[in-house]
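Okay, structure first, notes after.
In the numbering used here, the protein residues as written are 1 to 88.
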């Protein structure tokens, strides 16, 4: 998703992964989360299409490290927890 579309500073030859779909019109932004029309985990009709998500602190704990990130997504912590469980 969004993180995959960021350039890798330590690997300038890496290709960016585009986010599918078209960016929303700045004149007519979608209701709710601005990314819900292109998001693979968005749930419609709610909350993604109705409520703007609030930035929240996410914590991913592993045996080796603890890292903190922030995300404005209704399902961000669920995705972190799912990825962590899949890695175990």
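Backbone N, C-alpha and C define an ideal beta-carbon position, used for all residues, glycine too.
Remember, predicted model here, so these are calculated numbers, not experimental data.
- Item | Neighbourhood of residue 44 by C-beta, 8 Å cutoff - its chain only, sequence neighbours within 5 removed | The residue you call residue 44 lines up with position 44 of the chain shown. 36.
- Using 10 angstroms around the beta-carbon of residue 69, count the other beta-carbons present and answer buried if the total reaches 16, otherwise exposed. For the purposes of this step, residue 69 is taken as residue 69 along the chain shown, with counting starting at 1. Residue 69 comes out exposed.
- Message: With a threshold of 7 Å on Cβ separation, who are the neighbours of residue 20 within its own chain once the five nearest residues in sequence on each side are excluded?
- Response: Here residue 20 is taken as the residue at index 20 of the chain shown, counted from 1. Excluding sequence neighbours, residue 20 sits near 38.
- Query: When DSSP builds the beta bridges, which residues end up paired with residue 68?
  - Reply: Within the chain shown, the letter at position 68 stands for residue 68. Answer by DSSP bridge pairing, in chain order: 59.
- Which term fits residue 74, buried or exposed, when burial requires 16 or more other beta carbons within 10 angstroms of its beta carbon? Taking the first residue of the chain shown as 1, we reach residue 74 at position 74. Buried, by the Cβ-count rule.
- What's the C-alpha gap between residue 12 and residue 27? Here the question's residue 12 lines up with position 12 in the chain shown. Here the question's residue 27 lines up with position 27 in the chain shown. Looking at the two C-alpha atoms, the distance is approximately 34 Å.
- Whole-number beta carbon distance between residue 24 and residue 34, since they are thought to touch under 8 Å: As a position in the chain shown, residue 34 is number 34, starting the count at 1. As a position in the chain shown, residue 24 is number 24, starting the count at 1. So it is a contact: roughly 6 Å between Cβ atoms.
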